[in-house]
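> With the UniProt record's numbering applied, the sequence shown closes on residue 166, and no number is skipped along the way.
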Amino acid sequence: MLLSHSKQFLFVHIAKTGGTSVRAALSRYRWGHRYALAQFICNKMSQFTDHKIASRFPRHSRIIAAKEMLPETYFNQLFKFAVVRNPWDLQVSSFHHIKRERPAVMQGYNDFGHICSQLKLSNITLPHRRKADNREDYRRYYNSELVDLVSAHFQKDIALLNYTFE
1 MLLSHSKQFL
11 FVHIAKTGGT
21 SVRAALSRYR
31 WGHRYALAQF
41 ICNKMSQFTD
51 HKIASRFPRH
61 SRIIAAKEML
71 PETYFNQLFK
81 FAVVRNPWDL
91 QVSSFHHIKR
101 ERPAVMQGYN
111 DFGHICSQLK
121 LSNITLPHRR
131 KADNREDYRR
141 YYNSELVDLV
151 SAHFQKDIAL
161 LNYTFE
């Protein structure tokens, strides 16, 4: 989450949606309020003591955290926004993120083969890639049952944003 006092916005960073790029582009606006020095001091104290002092929001905080921590009138006047992503593509991206960042969760190709077997997927290969631009089309990862599971879980997002699997 990125709060800008000077530009009066609150960016809600949803994981795996390109939010890191948005944060990089807008991070220069994160200070600029009369409390900026106090936030800076709290942040530095947090770093030195390993005790988090609530001076800013964690990157992937939910908007409810800001609503609870900020004065109501201030929160209500902020321009609030987030970046979202096609839910089927998001699940494939999340899978690759877990594979890269937490390899113990799924160790090697044997575990992936077992997962594919459990999900009744065939002819699926696990690419060993890090860059998203090298990834196969997300639709290749799905069978009809998995499409339906993601559709059910993200039904509100799909309806609101007119996402389609195709």
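All C-beta atoms in this analysis are idealised placements derived from N, C-alpha and C, irrespective of residue type, glycine included.
Remember, it's a predicted structure, so these values are computed and weren't measured experimentally.
Let me confirm a value: residue 122 is counted as buried when at least 16 other C-beta atoms fall within 10 Å, else exposed. Which label applies?
By the 10 Å Cβ count, residue 122 comes out exposed.
> Work out the CA separation of residue 154 and residue 163 for me, nearest whole Å.
10 Å
> Could you spell out the range, first to last residue, of the beta strand (DSSP E) harbouring residue 4?
2-4 is the span of the beta strand (DSSP E), which, as asked, contains residue 4.
> Hey, is the segment 62-71 in contact with the segment 139-149, meaning 3+ C-beta pairs nearer than 8 Å?
no
> Between the Cα of residue 12 and those of 74, 82, 113, 6, spot the shortest distance and give me the residue it belongs to.
Ranked by how close their Cα comes to the Cα of residue 12, the residues 74, 82, 113, 6 have 82 in first place.
> Using alpha carbons as the reference points, say which of 99, 152, 98, 91 lies closest to residue 141.
91
> Specify, as a first and last residue, the run of the alpha helix (DSSP H) that residue 12 falls within.
Run containing residue 12: none in the alpha helix (DSSP H); it sits in the beta strand (DSSP E), 9-12.
> Using the three-state DSSP reduction, which class does residue 120 fall into: helix, strand or coil?
DSSP places residue 120 in coil when its eight states are reduced to three.
> Near residue 159, which residues of its chain fall below 7 Å by C-beta distance, leaving aside the five closest residues on each side in sequence?
none
> Are the beta-carbon atoms belonging to residue 80 and residue 64 less than 8 Å from one another?
no
> Across which residues does DSSP place residue 80 in a beta bridge pair?
10
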